[in-house]
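Position in the sequence shown (from 1) plus 19 gives the number in my numbering.
Ideal Cβ positions, reconstructed from N, Cα and C, are used throughout, including at glycine.
Given the structure is predicted, the values throughout are model-derived calculations rather than measurements.
As structure tokens, the structure follows; a few thoughts come after it.
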Amino acid sequence: MGTSSFFLVERDKYSPDNLLSSVMVAAFHSDAMLYYRNEKYFTEENHFKYTTISIMQDLDIDENMFLIYIDGEKNDGLEFYNNGQYLGLDSSLSLYQVGCIEDVYDNEKLLLSFVYEYLKLNPMQYYWLGDYNWVYSWEDMRKLKSLPYDPNWCYKNPK
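Here it is in structure tokens:
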């Protein structure tokens, strides 16, 4: 498994339904394919835990695809520790890290289109690549999308 990434959402505004619908619309607008098996996982207390969606460029090619998790509201591990170390992020924000995207590596082009469309729908959220100390805002994605494509876009500080 490669590097994972997340969307950062204000805690009091997070909803699995909104994440699910935004993922579907972003896939549609980024001309990606979406595969959803409707498998839901629950906690022992019967609270929704997560489901997954595959986003891919081409159904016949097993490359250029990633898995995104739609997280339940009561999951452990949603808390994003925003302690001021992340460039481009107001440290006073109380955030959840949701929509974990697995295997960023080798999916950069598909990811650029998808994240652009997702943040276009949710301009107050951020995109964070887990191993780095910066985030991408909607404005950062607009700027990146206007430039010639760089396959290393997500491994570079957008500021």
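Here the C-alpha atom of V44 lies approximately 10 angstroms from the C-alpha atom of D50.
Counting along the chain, no alpha helix (DSSP H) covers L166, and no H or E run does either.
In the DSSP assignment, no residue is bridged to T62. E136 is classed as buried because its beta carbon has at least 16 other beta carbons within 10 Å across all chains shown. Around the beta carbon of F61, fewer than 16 other beta carbons lie within 10 angstroms, which makes this residue exposed. Between the alpha carbons of L138 and R161 lies a gap of roughly 9 angstroms. For L148, the enclosing beta strand (DSSP E) starts and ends at Y145 to L148. Under the DSSP definition of a beta bridge, Q116 partners with L27. As the crow flies, the alpha-carbon of L86 is around 15 angstroms from that of G149. Proximity to Y155 across K164, L163 and Y145 peaks at Y145, based on C-alpha coordinates. With a beta-carbon spacing of about 6 angstroms, E92 and P35 fall inside the 8 angstroms limit used to define contacts. Residue range F67 to M75 is occupied by the beta strand (DSSP E) that includes S73.
Annotation: Y88 is outside any alpha helix (DSSP H); the continuous beta strand (DSSP E) that includes it extends over M84 to D90. In the structure shown, the three-state DSSP call for E127 is helix.
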